[in-house]
Structures are given as structure tokens and as C-alpha cells.
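Numbering (the UniProt record's numbering), first residue to last: 1 to 452.
Set out below in C-alpha cells:
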């Protein structure tokens, strides 16, 4: 007789971020930031943080010693307290403040997976940071956790796991756990067999290839390297106008600009076909309990030096990719999730040596920030979603052959982009990155305004 498994088991994507945490703790931490023109009381922030600590993101990872049975999510054992200080932050230090507040010891095994930080601004408002462990939630999950906490705060609802989105996290049954783990282990062995068969069936499937990373130049860095990051804004009206003039869409312009920036830094040659990875959410609805649920759609886009990327070409390529996309058929290695989950952490370290990062990642959140722009009845003037990247040896990014990682969102009036330059030899500093962006935007008739 089978035993129903009520535990919320980790999937292969969760496992990937958990393995990354085991040897590169908190190297990439999702961070949401708000800037308010008027301050909210400390009590409001404390209440909001309590809702977050009992909501969708309040979870920890538990493991069993039974071979091949997957870890599962459970209620947290601990949390970081609200980080509320009185030192005003100047507008030209917003990025520096976000970087400092993003340096948090997040522990998915104890459930210390988020921290909310609040500081006054010299303009009389507040700047706020929310960081979350990627081992337990992706961007879509974070948005849901935040929006649910905001709704409950606005409704003056009680802090409750049972009545909030925290009820979807799952728990650990008091009895028959061993039987459930054994059943899951058997299921995973069956999943491995299915994965091997699917990989064999799709062995001839291909995706757009990457471009090899040029070996030179090679700069010297004293100690670890801080990835070059910035945040910028530009008017939505200008963005839409340029996209229409060039025969494309707002999303196509995002991809076109990004390809242009990658080419300008020397990462790809004139005429090269750039592999652009476009992530998309796989969440089914608000009841989806998964921590990470993101898929990817790679498309090829040609870079032409001295010319703007062809937006009509991007439009046709994206349409064809969406039409032909079949989630059940993918390159052979993409089926290997069940096998990956069985690999010990110490073996998974090899993935850093042999694995690759996207040469260009373009994540368009659309108007998602609208759902999280109001806290305690006050709407933020600025909202941004990005990954906070910790300093690491430059050779790590060289081995990963990373390029650019760019996120975009808009509130209907302003386009906001968070840009990370991950090639230490071509984009060594924030200043170099911002010049790259300014030049590419200028070629399209756009003007970026950078956060300080």
C-alpha cells in the first residue's frame, strides 16, 4: 500500500541552488529595493517583517539519511531581526547601501532566509532592502511572498502561517516519515530511468550555441573581484516610441539593447549570433508551493558592430521560438534533474569547473513591480528587483564564461533596469559598465539615468 507524501519536496532547480550554497554561500542573493518619499513608522516595518516571517518565504530545508529520498521544506527554526537604523543615506549612495545591506548570512537549513533593512534618506524618505535566499525562493516566489505580506498588512490581518501563504510551504508529518522517504526514494529511481530514456529520445535536439570567451585581455585584480553592477531608469514613453520606430516591441528593444551592450564590450565579434537566455516562470498559480520554478527559452540574435540590433528580426525569432517550444522535449542534459539530485555536494563542486553561465541573460519582469510597490498605504517612488552578487575570484567568472545579466521592469511610466557585468576583463568596473550602457542607449536615442 502506497503512502501519500504530504511533504513539499525540493525539485532539481531548488537542489541546484542548494548545492551552490554548499560551496559558494550567498554568492548570488535576490534583492528587492524600494525608495519612499515619506517614511513609514518602525512599527509598520516590524509588522510587515512579521508577516514575511510567517509567509511563503519562511521555510527551511530538511534532509533525510535515506539514500535518494529528496529533501523537503518545513517551517523555519530561526529568523533575522528587522534591520532598522537611523543613519541617513544620500541619493548618490543608494547602490552602495544596497550592496552593504545585501551582505547577509542566510541559512536555508535553519530558515534564516530573509532580512528586511530600513534606513532614512537625506531627502526625508526611506530606502528599504529585502534579501532572500535563492535556495528557497526564486523571483516569482519572492514577489508572491511580498505581495501576500503587503495585503495582510493593508487588511490589518493577524500574523499567521495557517491563514497566509505560509500554509503552502508544507511541514513534516508526525508519523510514517520513513515510509514516505522510502517511497520517494523509489520514485526518484524511477524518475532517473525516465530521465535517461527521455534524454536518449532527445539526443539530437540542439539549442543556439554559445560564443567562446576571448582569451584576451586578462586584467590583474588584487584579491576578489566585485562584479560590475548598476541600476538605471528611462522614460517608458521614450522606450515605446523607439521600439515602434524600429518595428519591434518593448521586449524586443530590451533584448536588442542588451545584445548591443554585449558586443560593445568585446565579448562577441561582429556578425556573431548571440545566445540570449530568456527566463520565464513555470508557476501554475498562487497555490504552487515550489521554491524555484523557472524555465528558460534560448534564442539566437545577431550582433552587428556599428549598427542597432534588428528588432524585426528579434520579433520573428521570438515568435518562432515560442511557437516551436515544447517543454516535454529539450536537449538531453536538461532531462538530468533526477540524477543531479542524487549527486553529493562534494561532487557537484565540479559543476563550477565545467559548467557555464549565460553569455547574455535577459529577464523581463514586465509590470510585476506594480504588485509590490505599496507598503502600509504608501507607494514607493522607486522599486527594483535584482541579484546581489558577492565578490569572488575573477577566475571563477572567467571559467563560467559569464557575460551580462540584465533584469527589466516597468511601472507604466518608467523603465528600470538592473545590469550586472560579469566579465572581469571587459567590464571591470561600474564606470566601465555605465559608459557601455550610455553609449548603447545613445545609439538608440535613449538617455539612461543611473542610481547613485
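Ideal Cβ positions, reconstructed from N, Cα and C, are used throughout, including at glycine.
Checklist entry - With 16 other CB atoms within 10 Å as the buried threshold, where does residue 415 fall? => result As a position in the chain shown, residue 415 is number 415, starting the count at 1. With 16 or more other Cβ atoms within 10 Å, it is buried.
Checklist entry - residue 430 by DSSP, collapsed to three states: which one? => result The residue given as residue 430 occupies position 430 in the chain shown. Three-state DSSP puts residue 430 in a helix.
Item to check | Assigned secondary structure, residue 207 (DSSP; H/G/I helix, E/B strand, else coil) | outcome: Here residue 207 refers to the residue found at position 207 of the chain shown. Taken through DSSP and simplified to helix, strand or coil, residue 207 comes out as coil.
Checklist entry - Below 7 Å between beta carbons: does that hold for residue 402 and residue 357? => result Indexing the chain shown from 1 puts residue 402 at position 402. Indexing the chain shown from 1 puts residue 357 at position 357. With contacts defined by Cβ atoms closer than 7 Å, residue 402 and residue 357 form a contacting pair.
Next on the checklist: Considering Cα atoms alone, identify which of 343, 77 and 221 is closest to residue 188.
Outcome noted: Working through the chain shown from its first residue, we reach residue 188 at position 188. For residue 188, the closest of 343, 77 and 221 by C-alpha to C-alpha distance is 343.
Checklist entry - In chain order, what residues of the same chain have a beta carbon less than 6 Å from the beta carbon of residue 101, not counting five sequence neighbours either side? => result The residue given as residue 101 occupies position 101 in the chain shown. Excluding sequence neighbours, residue 101 sits near 117 and 129.
Item to check | Integer Cβ distance of residue 439 from residue 264, believed to fall under 8 Å | outcome: If you number the chain shown from 1, residue 439 lands on position 439. If you number the chain shown from 1, residue 264 lands on position 264. About 6 Å; that satisfies the 8 Å criterion.
Next on the checklist: Just to confirm my understanding: we take residue 226, look at its own chain, exclude 5 residues before and 5 after, and list those with CB closer than 7 Å. What are they?
Outcome noted: Walking along the chain shown from the start, residue 226 turns up at place 226. For residue 226, where only same-chain residues beyond five positions count, the Cβ hits under 7 Å are 391.
Checklist entry - Buried or exposed: where does residue 96 fall if 16 or more other Cβ atoms within 10 Å of its Cβ makes it buried? => result Counting from 1 along the chain shown, the entry for residue 96 is found at position 96. With fewer than 16 neighbouring CB atoms inside 10 Å of its own CB, residue 96 falls in the exposed class.
Item to check | For residue 428 and residue 211, the rounded distance between their alpha carbons | outcome: Residue 211 sits at position 211 when you count from the first residue of the chain shown. Residue 428 sits at position 428 when you count from the first residue of the chain shown. Straight-line spacing of the CA atoms in residue 211 and residue 428 works out to 20 Å.
Checklist entry - Is residue 418 closer than 7 Å to residue 386 when the C-beta atoms are compared? => result To locate residue 386, count along the chain shown from 1; it is residue 386. To locate residue 418, count along the chain shown from 1; it is residue 418. In this structure, residue 386 places its C-beta atom within 7 Å of the C-beta atom of residue 418.
Checklist entry - CA-CA distance, residue 322 and residue 62? => result Translated into positions along the chain shown, residue 322 becomes position 322. Translated into positions along the chain shown, residue 62 becomes position 62. When only Cα atoms are considered, residue 322 and residue 62 end up about 37 Å apart.
Checklist entry - What separation, rounded to the nearest whole angstrom, lies between the Cα atoms of residue 28 and residue 173? => result For the purposes of this step, residue 28 is identified with residue 28 of the chain shown, where counting begins at 1. For the purposes of this step, residue 173 is identified with residue 173 of the chain shown, where counting begins at 1. Cα to Cα, the separation comes out at about 32 Å.
Checklist entry - Taking only runs of the beta strand (DSSP E) that begin and end inside the segment 37-118, which ones reach a length of at least 3 residues, in chain order? => result For the segment 37-118, whole beta strand (DSSP E) runs of length 3 or above, ordered along the chain, are 60-62 and 72-74.
Next on the checklist: Assuming residue 140 is part of the alpha helix (DSSP H), what are its boundary residues?
Outcome noted: Reading the chain shown from its first residue, position 140 is the one you call residue 140. It spans 139-154 - the alpha helix (DSSP H) in which residue 140 sits, taken as one unbroken run.
Next on the checklist: For residue 157, list the residues DSSP reports as bridge partners.
Outcome noted: Residue 157 sits at position 157 when you count from the first residue of the chain shown. Its beta-bridge partners do not exist; DSSP assigns none.
Checklist entry - Taking the alpha-carbon positions, what's the residue 431 to residue 450 distance? => result Walking along the chain shown from the start, residue 431 turns up at place 431. Walking along the chain shown from the start, residue 450 turns up at place 450. Rounded to the nearest angstrom, the gap between the Cα atoms of residue 431 and residue 450 is 11 Å.
Next on the checklist: By the three-class DSSP mapping on this structure, what secondary structure does residue 3 have?
Outcome noted: Locating residue 3 in the chain shown gives position 3, where the first residue counts as 1. Only weak support exists for where residue 3 lies, its pLDDT of 48 falling under 50; the value from the coordinates is given anyway. Residue 3: coil per DSSP, three-state reduction.
Checklist entry - For residue 449, which three-state DSSP category applies? => result For the purposes of this step, residue 449 is taken as the residue at position 449 of the chain shown. The three-state reading of DSSP puts residue 449 in strand, counting E and B together.
Item to check | Three or more C-beta pairs below 8 Å linking the segment 294-303 and the segment 235-254 | outcome: No, the segment 294-303 does not touch the segment 235-254.
Item to check | residue 180 burial status per 10 Å Cβ neighbour count (16 or more: buried) | outcome: Reading the chain shown from its first residue, position 180 is the one you call residue 180. By the 10 Å Cβ count, residue 180 comes out buried.
Checklist entry - Buried or exposed: where does residue 444 fall if 16 or more other Cβ atoms within 10 Å of its Cβ makes it buried? => result Residue mapping note: residue 444 aligns to position 444 of the chain shown, counting from 1. Burial is judged here by how many other beta carbons sit within 10 angstroms of a residue's own beta carbon; residue 444 has at least 16 and is buried.
Item to check | Continuous beta strand (DSSP E) stretch holding residue 129: start and end | outcome: Your numbering for residue 129 matches position 129 in the chain shown. That run of the beta strand (DSSP E) goes 126-132.
Next on the checklist: If contacts are defined as beta-carbon pairs under 8 Å, then residue 359 and residue 267 qualify, I think. What distance do you get, rounded to the angstrom?
Outcome noted: Position 359 of the chain shown holds residue 359. Position 267 of the chain shown holds residue 267. That pair is a contact at about 7 Å.
Checklist entry - Quick one, which of 68, 50, 169 and 85 has its alpha-carbon nearest residue 149's? => result Residue mapping note: residue 149 aligns to position 149 of the chain shown, counting from 1. Sorting 68, 50, 169 and 85 by C-alpha distance to the C-alpha of residue 149 places 50 at the top.
Checklist entry - Does DSSP put residue 221 in a helix, in a strand, or in coil? => result By one-based count along the chain shown, residue 221 stands at place 221. It is coil, neither helix nor strand.
Checklist entry - Is there at least one non-hydrogen atom of the ligand GDP closer than 6 Å to the beta-carbon of residue 25? => result Absence of the ligand GDP from the depicted structure is noted, as is the absence of any ligand whatsoever, leaving it without description.
Next on the checklist: What does DSSP give as the partner residue(s) for residue 382 in the beta ladder?
Outcome noted: Here residue 382 is taken as the residue at index 382 of the chain shown, counted from 1. The partner list for residue 382 (beta bridge, DSSP) reads 35.
Item to check | Start-end ranges of the beta strand (DSSP E) lying completely within the segment 327-393, minimum 3 residues | outcome: Runs of the beta strand (DSSP E) lying entirely within the segment 327-393 and spanning at least 3 residues, in chain order: 360-364 and 382-389.
Item to check | Enclosing beta strand (DSSP E) for residue 238 [first to last residue] | outcome: Here residue 238 refers to the residue found at position 238 of the chain shown. Residue 238 -> not in any beta strand (DSSP E); alpha helix (DSSP H) instead, spanning 236-245.
Next on the checklist: For residue 202 and residue 214, what's the separation of their Cα atoms in angstroms?
Outcome noted: Taking the chain shown and counting its residues from 1, the one referred to as residue 202 is at position 202. Taking the chain shown and counting its residues from 1, the one referred to as residue 214 is at position 214. Distance between the alpha carbons of residue 202 and residue 214: 31 Å.
Item to check | Three-state secondary structure (DSSP) of residue 251 | outcome: Taking the first residue of the chain shown as 1, we reach residue 251 at position 251. In this structure, residue 251 counts as helix in the three-state DSSP scheme.
Next on the checklist: Among 68, 155, 240 and 164, whose alpha-carbon lies nearest the alpha-carbon of residue 183?
Outcome noted: Your numbering for residue 183 matches position 183 in the chain shown. Closest option to residue 183, Cα to Cα, is 68.
Checklist entry - Around the C-beta of residue 87, are 16 or more other C-beta atoms found within 10 angstroms, so that it is buried, or is it exposed? => result For the purposes of this step, residue 87 is taken as residue 87 along the chain shown, with counting starting at 1. Looking at its Cβ environment, which holds fewer than 16 other Cβ atoms inside 10 Å, residue 87 is exposed.
Next on the checklist: Mapping the DSSP letters down to three states, classify residue 291 as helix, strand or coil.
Outcome noted: On the chain shown, position 291 is the one that residue 291 refers to. Residue 291 falls in the coil class under three-state DSSP.
Checklist entry - How many angstroms separate the CA atom of residue 65 from the CA atom of residue 412? => result The residue labelled residue 65 in the question sits at position 65 within the chain shown. The residue labelled residue 412 in the question sits at position 412 within the chain shown. The straight-line gap separating the alpha-carbon atoms of residue 65 and residue 412 is approximately 50 Å.
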